[in-house]
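Heads up, the thing below is written out as structure tokens.
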Amino acid sequence: MKKKKYLPLKELTDTKLRYSQLYLDELKNPKIAGSDTEKAHQQSFLFHLNGVVDAFFAELNEIYNLGIQEKNLSLEKLKNAKSDSKKPIKEASKIKKLYGKKNWLAELKSFNPHLPLSDKKAKKTKGKAKEETSNLVEQISQIPTNPIIDKFEEWQSKMRKLVSELRESALHASGNSPKK
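Residue numbers 4 to 183, in the numbering used here, belong to the letters of the sequence shown in order.
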């Protein structure tokens, strides 16, 4: 790995994470609720958060010195590539699993903010008698949340954790981890 080539790639991944956080923070502004600005921020958030994965692919390519051309860089190419030690790239395998059914990364990739979110909790309680809250203080303290923002926050958090863990794993496996 050449640090001169790697550091800008790492910065691009980190920048995509920061930009998605910026749009997520903007979405929390109640003044934009229901507006075109809200829709634009949702699209921008999704664009940048999805872009984190592609940027991270470029990082892995450099960390493992795979030499895959940028225009040909894909998860499949990374998954099929072998590191200098002839071992498969385990980080690509982990990402591949997250693209499988019922995983958050697959949900992120296919998410359409214009379609209603399915409420799993509502499905579970369907048909059951709902208990009424007798305490007025409890009713007031139950402020409704925006399910899209909740989902975006969850994905943002998971993406930060994923990138951090996989970056550390790749740097260690490739022998490029920073000396302590």
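Where a beta carbon is used, it is the ideal one built from N, C-alpha and C, also for glycine.
**Residue closest to K8, alpha-carbon to alpha-carbon, out of K105, N68, F155** = By 1-based counting over the sequence shown, the position of residue 8 is 5. Shortest Cα-Cα distance from K8 to any of K105, N68, F155 involves N68.
**Message:** For P91, list the residues DSSP reports as bridge partners.
**Reply:** Within the sequence shown, residue 91 is the residue found at index 88, counting from 1. Note: P91 sits in a beta bridge opposite K85.
**Message:** Need the endpoints of the alpha helix (DSSP H) that A1 sits in, please.
**Reply:** The structure shown does not extend to residue 1, since the chain spans only 4 to 183, so no value can be given for it.
**Message:** If the criterion is Cβ atoms closer than 8 Å, does the pair A95 and L76 meet it?
**Reply:** As a working note, residue 95 is residue 92 in the sequence shown. As a working note, residue 76 is residue 73 in the sequence shown. Inclusion of A95 and L76 in the CB contact set at 8 Å is not warranted, their separation being larger than that value.
**Request:** Pull up the distance between the alpha-carbon of G37 and that of K164, whole angstroms please.
**Result:** In the sequence shown, the residue the question calls residue 37 occupies position 34. In the sequence shown, the residue the question calls residue 164 occupies position 161. Each residue's alpha carbon lies about 30 Å from the other.
**Asked** Does the beta-carbon distance from L63 to V166 come in below 8 Å?
**Response** Counting from 1 along the sequence shown, the entry for residue 63 is found at position 60. Counting from 1 along the sequence shown, the entry for residue 166 is found at position 163. No.
**Asked** Thinking C-alpha only, which one of M162, T18, T148, N32 is nearest E110?
**Response** Counting from 1 along the sequence shown, the entry for residue 110 is found at position 107. With distances taken between CA atoms, E110 lies nearest to M162 out of M162, T18, T148, N32.
**Message:** Judging by CA-CA distance, which residue of A176, S180, N53, E41 is the nearest neighbour of D17?
**Reply:** Residue mapping note: residue 17 aligns to position 14 of the sequence shown, counting from 1. The shortest C-alpha separation from D17 is found at N53.
**Request:** Alpha carbon to alpha carbon, how far is E65 from F50? Give it in angstroms, no decimals.
**Result:** The residue you call residue 50 lines up with position 47 of the sequence shown. The residue you call residue 65 lines up with position 62 of the sequence shown. A direct Cα-Cα distance of roughly 23 Å separates F50 from E65.
**Prompt:** Out of curiosity, what's the CA-to-CA distance linking E41 and W158?
**Reply:** Along the sequence shown, read from residue 1 onward, the residue named residue 41 stands at position 38. Along the sequence shown, read from residue 1 onward, the residue named residue 158 stands at position 155. Their Cα atoms are separated by approximately 18 Å.
**Prompt:** How would you write the range of the alpha helix (DSSP H) that Y22 sits in, first residue to last?
**Reply:** Here residue 22 is taken as the residue at index 19 of the sequence shown, counted from 1. Residues 6 to 30.
**Asked** When you compare only the Cα positions, how much space is there between L15 and Y22?
**Response** Translated into positions along the sequence shown, residue 15 becomes position 12. Translated into positions along the sequence shown, residue 22 becomes position 19. Approximately 10 Å, taken between the alpha carbons.
**Message:** Please give the ranges of any alpha helix (DSSP H) in the stretch 24 to 72, keeping only runs that are unbroken, at least 4 residues long and fully inside the region.
**Reply:** 39 to 66, all fully within the stretch 24 to 72.
**Message:** Measuring straight from C-alpha to C-alpha, what distance separates A58 and E73?
**Reply:** Within the sequence shown, the letter at position 55 stands for residue 58. Within the sequence shown, the letter at position 70 stands for residue 73. Looking at the two C-alpha atoms, the distance is approximately 10 Å.
**Request:** Report back the beta-carbon spacing between I151 and P116 to the nearest angstrom; my notes put them in contact at under 8 Å.
**Result:** Mapped onto the sequence shown, residue 151 falls at position 148. Mapped onto the sequence shown, residue 116 falls at position 113. So it is a contact: roughly 6 Å between Cβ atoms.
**Asked** When the Cα atoms are used, what is the spatial distance from M4 to K80?
**Response** By 1-based counting over the sequence shown, the position of residue 4 is 1. By 1-based counting over the sequence shown, the position of residue 80 is 77. So the alpha carbons of these two residues sit roughly 18 Å apart.
**With 16 other Cβ atoms within 10 Å as the buried cut-off, status of K85** = Numbered from 1 along the sequence shown, position 82 holds the residue referred to as residue 85. Exposed, because fewer than 16 other Cβ atoms sit within 10 Å of the Cβ of K85.
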